[in-house]
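Presented below is the structure to which this report refers.
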Amino acid sequence: MDVSSDAAADDKSAGFSKVPLITLAFWIVKILATTVGETGGDALSMTLNLGYLVSTLVFLGFFCVTLIAQVASKRFHPVLYWAVVVATTTLGTTTSDYLDRTVGLGYIKSSIMLFGAVIAMLVVWRYTTGRIAVDHITSRNDEIFYWFTILISNTLGTALGDFVASDTGLGFERGALVFAALIAVVAAAHFLTRIPGTILFWAAYVLTRPLGATLGDTLTKPHAEGGLAFGRITSSLVIAAAMVILVALTSRRDRLQAA
């Protein structure tokens with residue numbers, strides 16, 4: 511879902527955008543980031559036995575540090591940008607698990623609550639700035655709204671993924687197929703309908719999170735629970751390495767095209 515056809519020209523007239531071009535590579539890296547968010551969040555809360563609350567506080571600190579660095583930067587830096595995305599996915603994972611399991615809201619209640627929070631954030635963003643930017647972020651207000659909407663949407667996506675995989679009985683593999691199919695529907699709507707790109711962007715952004723969650727659980731859950739029983743820490747490191755390589759390759763390609 512490429513909604514950035516005029517972004518390069520806009521950069522020259524309205525300052526440098528601090529978000530990447532929304533291309534196929536963007537969505538692949540996003541899915542990797544959401545998958546490592548699931549495996550990384552579970553590694554801290556479950557494998558290292560820190561629990562959901564302590565893990566949430568740890569990842570909250572990580573999110574604050576990366577967000578401050580991202581907002582303080584003057585232009586787009588791929589490493590900073592994707593570090594904040596990973597921070598939102600890991601924090602979203604443990605926050606959702608804390609709300610669903612420790613607080614006892616359950617997947618349905620927390621999903622409804624978080625969906626309402628995403629809509630409310632978008633409404634306030636639109637009312638405050640006059641638009642909802644997704645492919646061209648130059649102002650601090652837009653950037654703050656952008657990142658907190660992403661944080662809430664990734665938390666929502668975690669709850670949705672757990673609901674589909676667990677409460678419906680589909681399991682992790684079939685749950686991943688469900689969300690992959692829904693993303694394909696959104697992609698088709700981009701090419702075949704006149705639905706605004708902003709709506710489709712946020713729909714896809716929310717859906718890539720439960721896809722990553724179910725893929726991460728497929729990799730790491732025990733065989734008895736329908737997973738492949740790969741280690742959470744090892745899986746996180748491998749996925750993070752793949753993400754770094756892809757970001758490096760796409761950044762190099764973009765620099766060559768701009769030269």
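Following my numbering, the numbering of the sequence shown begins with 511 at its first residue and continues without gaps. Beta carbons are placed, not taken as given, at the ideal position from N, Cα and C, and that holds for glycine. Here the structure is a predicted model, which means the values were calculated and not measured.
Cβ neighbours of Thr545 within its own chain (closer than 7 angstroms, five residues either side excluded): Gly722, Leu725, Gly726 and Ile749.
Residue environment: Ala543 is assigned as buried (16 or more neighbouring CB atoms within 10 Å of its CB, all protein chains considered).
In its chain, beyond the 5 residues on either side, Gly681 and Phe682 have a beta carbon closer than 6 angstroms to the beta carbon of Gly736. A Cβ-Cβ separation of about 13 angstroms leaves Ile647 out of contact with Thr708 under the 8 angstroms criterion. Annotation note: the region 544 to 592 contains the following uninterrupted alpha helix (DSSP H) runs of length 4 or greater, listed N- to C-terminal: 561 to 582. Here Val716 really is in contact with Leu666; their C-beta atoms are around 6 angstroms apart, less than 8 angstroms.
Collapsing the DSSP output to three states places Asp652 in a helix. Here the region 689 to 702 does not lie against the region 749 to 758, with fewer than 3 beta-carbon pairs under 8 angstroms apart.
Here Thr678 carries a coil assignment [DSSP, helix/strand/coil]. Secondary structure note for Ser621: its alpha helix (DSSP H) is the uninterrupted segment Gly616 to Thr639. Counting C-beta atoms within 10 angstroms of its own C-beta, Thr678 has fewer than 16 neighbours from the protein chains shown and is therefore classed as exposed. The way I'd put it, the region 597 to 610 does touch the region 657 to 673; three or more beta-carbon pairs between them come closer than 8 angstroms. For the 8 angstroms CB-CB criterion, Asp672 and Asp610 form a contact.
Here Phe701 is exposed: its Cβ has fewer than 16 other Cβ atoms, across all protein chains shown, within 10 Å.
For Thr703, the three-state secondary structure derived from DSSP is coil. Apart from the 5 residues on each side of it in sequence, Phe740 sits with its Cβ closer than 8 angstroms to the Cβ of Leu729 and Thr730 in its chain, given in chain order. A direct Cα-to-Cα measurement between Ala579 and His733 gives close to 40 angstroms.
Rounded to whole angstroms, the separation of the alpha carbons of Ile660 and Lys584 is 20 angstroms.
The criterion of a C-beta distance shorter than 8 angstroms is satisfied by Thr557 and Arg742.
Residue burial annotation: Val634 is exposed, with fewer than 16 other C-beta atoms found within 10 angstroms of its C-beta. Nearest Cα to Ile532 within the set Thr605, Leu560 and Pro588: Pro588. For Ala690, the closest C-alpha among the options Cys574, Ile705 and Ala714 is that of Ala714. Cβ-Cβ distances below 6 angstroms link Pro530 to Phe536 in the same chain, with the five nearest sequence neighbours on each side left out; the list follows chain order. Of all alpha-carbon atoms in Glu548, Val628, Lys528 and Ser527, the one lying nearest the alpha-carbon of Arg719 is that of Glu548. Contact between Trp657 and Val575 does not hold, since the beta-carbon distance rounds to 13 angstroms and is not under 8 angstroms. In the displayed model, Lys528 falls within coil according to three-state DSSP, outside both helix and strand. Nearest Cα to Leu577 within the set Ile705, Ser761 and Lys528: Lys528.
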